[in-house]
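Take 13 as the starting number for the sequence shown in UniProt numbering and just add one per residue.
Where is the CB? At the ideal position from N, CA and C, for every residue including glycine.
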Amino acid sequence: RDRIIELQYRHLNDMQRKAVLTTQGPLLVLAGAGSGKTTVLVNRIAHLLKFGCAYGSDYVPRDLTPQDIASMEEYIARCQDSGAVIPLPERIFALLRYRVAFPGSILAITFTNKAAKEMKERIVQLVGEAAYDIWVSTFHSACVRILRREIDKIGYSRNFVIYDDSDQLTVVKDCIKELNLNEKYYDPKEIRNLISRLKDQMKGPREYVDEVRGQFREENIGRIYQLYEAKLKKNNALDFGDLINKTIELFRLRPDVLDYYQKKFQYILVDEYQDTNMAQYILIKMLSEFHGNVCAVGDDDQAIYGWRGADIRNILEFERDFPSAAVIKLEENYRSSQTILDAANSVIQNNRGRKPKRLWTQRKHGDKVRIYQAYDEHDEAEFICRQIKDLMQQEGRRAGEFAVLYRVNAQSRVLEEAMIKYGIPYRIYKGLRFYDRKEIKDIIAYLRVIVNPADDVSLKRIINVPKRGIGPATIEALEGAAAEMEESIFGVAIDLDKNGVLSGRAAASVKSFVDLIMRLIALKDTMGIVDFVHTVLEETGYRSELEREGTMDALARLENIKEFISAAREFEEANQGADLVDFLENIALVSDVDEVGEDESAVVLMTLHSAKGLEFPVVFMAGLEEGLFPLARAVDNPDELEEERRLCYVGLTRAKQRLYLSYARNRTLYGGSMLSMPSRFISEIPEELVEPAIGGYAFEFGDSGVKKGTSVDPIVSFNLPGKVTKEKTGPSPRFALGDKVLHQRFGVGTVVAMDGEGADLRIQIAFEQGGIKKFMANLAPLKKL
Ligand code: ATP
Ligand code: MG
C-alpha cells in the first residue's frame, strides 16, 4: 500500500515526497529558493484530502482481500512499466483512503492574496471542487474571517472597518493635533510605523509607556499611541496589526472560542514562514496546540520583511518552539540554471547569520548573467526594452515571460515610460495603487460610513465631498461635541435637534447630509453591490460633480470610478451572496500586500519585495547601485545590509533561464540626481559567471571600485552606452583646454581640465547649465563647437 501511495508522488523527489507524506506532528521544511517548498505544500494538502493520514500509520485496510492485494501488485507493475502514474482503480483508491481530512479542517497561510489564489487553483487541479472549502489565505484574511464571526464576544461590533496605512496616518495626524504636538518633531509616518511595529510585537500603549518612562519624546509618542487606540476603538475600526492581535486577544479571553478553532484546524500549513512576526507566530502556536500538526515551509535566506516586523527567529527556532518537529531540507533546485544559482549562492554566502545550504540543479549551466552599465536611468530603461524586444523576436518569447524588478517604487516611472515608447505591454504593481487614489478612497469612505456610521475617519473624509456647505468650523464643532459626549460624529449629527450643537445654515447642511446617509443605509440591502455603488454615486452627487468639472483630471477620475465598478462586478460574480461588508473587506485586504495582476501577456514590473515566491523565464534587476540597492541607510548597518542581500538573493533566484543586472552611473530619483557606483552585490558574483550585456557598453569587471579590497575613486569616468559604443574604436576627437563643446545630454560647456592621453584621455567640462563633469574623451557623446 505504501508503495502505491509513493507512486502517486513520483513527480516529486524523495525528500519532497517525505515532506508530503509526513502528515502528523510538526514539520519544518527549510530549503532554498526554487526547491519546491510551495509545491510540497500544495501536494501535501491534496494528499490530506485524497488519502488522509494513511501513510506511515499502522493502519491496514480491514477488508483487504487477496484479490485486492493482487490488483495492487498489478497496478504497481503497470506503473513501473509505463513510467507514468496511471489513475488508481476506484477500488484501490477506496482502500487507501483513511481518515481523510475534510477541507474545512485545513488552514493554509500564504503571504499574499495572489499566492493564496494561486495555491487554491493548484489544489483544485489536484483534488477538484473540494478545495474551495479549504481556508487558504493570508494571516490577515484568516483573522478577519474569524473576527467577523466572533469579535462581538470581546466588545467590538462585527461590522468593524479595516484601516489601511493611509487611514492609520490620518488618525495619527489627528492625534498629534489633538495633543497639541508638532508634526515637525513627531513625524506622523514614523509614528505610524512605530505603532505598527509595536503591534507586531504585541506591545500595547501601556507596555510601551512603561518601557519609555522618563524619556520626554517617547512618553509623548506613548500618549499618541494611547489616543490612537482609543480613536480606533471609537470608530469601530481595526488596523492590520489589530487583525492578528485582536484574534489572539479573543482566543485568550474566550477559551471556548479558541477550543473551537483548535479542534477545527487539524492541519495548519504556513508558506514563507521566515517572514512571520511574533504575533503571527503566537497565533499559529495557539491554533495548533490541540492537534499539533503544523507544517511550516520557508527559507531563512529569503527573510526580507524584517523592516515590517518579521522575526527570522521564528524559522531558526522552529524546532525549539515545536518540540519533536521533523525537519526536512530540500537542496535540488528546479527553477534556475546552474549559473544563476551559482551567482545567487555566491552573493548570499556573504551573509553571516544564516544556516549554510547550497542549491544545485541538474539543469544546464545556461547563459551567463548579463550586466549592463547604463549612462543613466533612461538609458537603463531603454536597454531593458530593447533587450525584451530582441528576445521576443529572436526566441519567440511572450511578454509575460519577462519581469523587471527594482528596489523602490519610484524607479517604475521611467521604466513605464520606456515600455510605452517601445510599445511593450506591461503590468505594474505598485505600493501606491488603484485603491489609494483620491476618488476611490472617497467612494470607499462613503461605503464604509454607510456600513458603519461610527467610522469618524471615513466620515470626515466625505462629509463635505462634494461640497455641501459643511466647513471646517462646523466639522470641528461636531468633533468637539463628539469627544465630550463620547459619541461618534454621526451620533452627534443625527441628534442636532436635541443637543443643539449647531444651528442655522450649518445645522441644515449637516441634517441634509445625515438624511442622505440614512437614505443610503436603508437602500443598502435592497440591491446588489454594483447597483448600490451606482446609487451612492448618483445620490451623493459625486459623479455629477466630476462630470460638471469636465477637466482632464476629472475625466481620469471618472475612468477610475468605472474601474472601481468593474472591480465590484468581478467581486460580486466571484462571490455569490456576498454583501457590502464582504466587499469592503476584500478591498482592504488587497490593498495590504503587493499583488500582481493576472495578465499573462504583459511584462511585469514590480518591486523585489513583491516578487517573492514567483518565477519568470527572464528577469531584469534594475538599479543595482550603492545607495539604491543596497539602500543608503543599510550601508552602515550590518543587519540591514544583510536583509538587502537577502532581497538580492530573492531577486536573483526568480530567474529561470536568463538574468540581467543593470545599474546607472547617473541617477535622478525623487527629484535629486547622483553619481553612483555599481552595487557591491554585483562584485560578489564571481567573474566567470557574468558578461557584459550585448548592445550595452563597457562593463568591465572590477570596474566598480566596490570590489573587495580596492579603494573607491568617487569620480570615475562615465562609460557611455548605445550609439557612442560603436564609435569606440574611432579616432578620439582632439580637445584642448578652453574648447567649447556640445554634449548630447548636458548641452554646451567648456573644457576646463584634461589628464591621461589617447584612449585614456579624461576631460572635465564646465557646463553652462551648471556643474563640472568628468568624461572619457573618446567615449562621451561630445562634439567640438
Ligand atoms: P521560493 O523559495 O522561491 O518560494 P519554492 O521552494 O517554493 O521557491 P516552488 O515554487 O515550489 O519552489 O518550485 C519552483 C519550481 O520548481 C516550480 O516551477 C515547480 O513547478 C518546480 N518543481 C518543484 N519540484 C519539482 C520536481 N520534483 N520536479 C520538477 N519540477 C519541480
Ligand atoms: Mg515558494
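Short of 6 Å from the beta carbon of residue 465, and not among the five residues preceding or following it, lie these beta carbons of its own chain, in chain order: 502. About 56 Å separates the Cβ atoms of residue 338 and residue 547, ruling out a contact at the 8 Å cut-off.
Residue 168 and residue 210 have their C-alpha atoms spaced approximately 21 Å apart. Beyond the five residues adjoining it in sequence on each side, residue 640 comes within less than 6 Å, by CB distance, of 419 in the same chain, given in chain order. In terms of side-chain proximity, the C-beta atom of residue 625 is found nearer than 7 Å to a non-hydrogen atom of the ligand MG. The closest heavy atom of the ligand ATP lies 7 Å or more from the beta carbon of residue 357. For residue 312, the shortest separation between its Cβ and any heavy atom of the ligand MG does not lie below 7 Å.
Note that the C-beta distance between residue 396 and residue 427 is below 8 Å. In this structure, residue 652 sits near residue 645, with a CB-CB distance shorter than 8 Å.
The beta-carbon separation of residue 403 and residue 409, rounded to 5 Å, stays under the 8 Å limit for a contact. For residue 460 and residue 593, the gap between their C-alpha atoms comes out near 8 Å. Taking a 10 Å sphere around the C-beta of residue 326, we find 16 or more other C-beta atoms and assign the residue as buried. For residue 703, the secondary structure class from DSSP, reduced to helix, strand or coil, is strand.
Going by DSSP, residue 774 is part of the beta strand (DSSP E) stretching over 774-779.
Contact check between the region 661-671 and the region 317-332: fewer than three CB pairs, one atom from each, fall below 8 Å, which does not count as touching. Pairing residue 214 with residue 291 gives a Cβ-Cβ distance under 8 Å. Taking one beta carbon from each stretch, the region 522-541 and the region 468-487 have 3 or more pairs nearer than 8 Å; the two touch. A direct Cα-to-Cα measurement between residue 356 and residue 22 gives close to 29 Å. In this structure residue 649 is exposed. Its beta-carbon is surrounded by fewer than 16 other beta-carbon atoms within 10 angstroms. In this structure residue 313 is buried. Its beta-carbon is surrounded by 16 or more other beta-carbon atoms within 10 angstroms. In the assembly as shown, residue 180 is a buried residue. Its beta-carbon has 16 or more other beta-carbons within 10 Å. Looking at the DSSP output, residue 388 bridges to 678. Burial is judged here by how many other beta carbons sit within 10 angstroms of a residue's own beta carbon; residue 685 has fewer than 16 and is exposed. For residue 359 against residue 183, the beta-carbon gap comes to about 41 Å, at or over 8 Å, which does not count as contact. In the three-state reduction of the DSSP assignment, residue 149 falls in the strand class, which pools E and B. In the structure shown, residue 88 adopts helical secondary structure according to DSSP, grouped into three states. Remark: three or more beta-carbon pairs, one from each stretch, lie closer than 8 Å, so the region 275-284 and the region 108-124 are flagged as touching. For residue 623, the CB contacts under 6 Å within the same chain, skipping 5 residues up- and downstream, are 417 and 666 in chain order. The residues 171, 173, 536, 592, 593 and 596, in chain order, have a CB closer than 8 Å to that of residue 463 in the same chain once the five nearest residues on each side in sequence are set aside. Nearest Cα to residue 193 within the set 116, 236 and 218: 236.
With respect to residue 340, residue 53 sits apart: the two C-beta atoms are not nearer than 8 Å. For residue 62, no beta strand (DSSP E) encloses it; the enclosing alpha helix (DSSP H) starts and ends at 49-62. DSSP lists 637 as the beta-bridge partner residues of residue 690.
Counting only the Cα atoms, residue 693 lies some 13 Å from residue 354. Only exposed fits residue 377, as fewer than 16 other CB atoms lie within 10 angstroms of its CB. Spatial neighbours of residue 16 in its own chain (CB-CB distance under 8 Å, excluding positions within 5 residues in sequence) are listed in chain order as 84, 87, 88, 100, 104 and 108.
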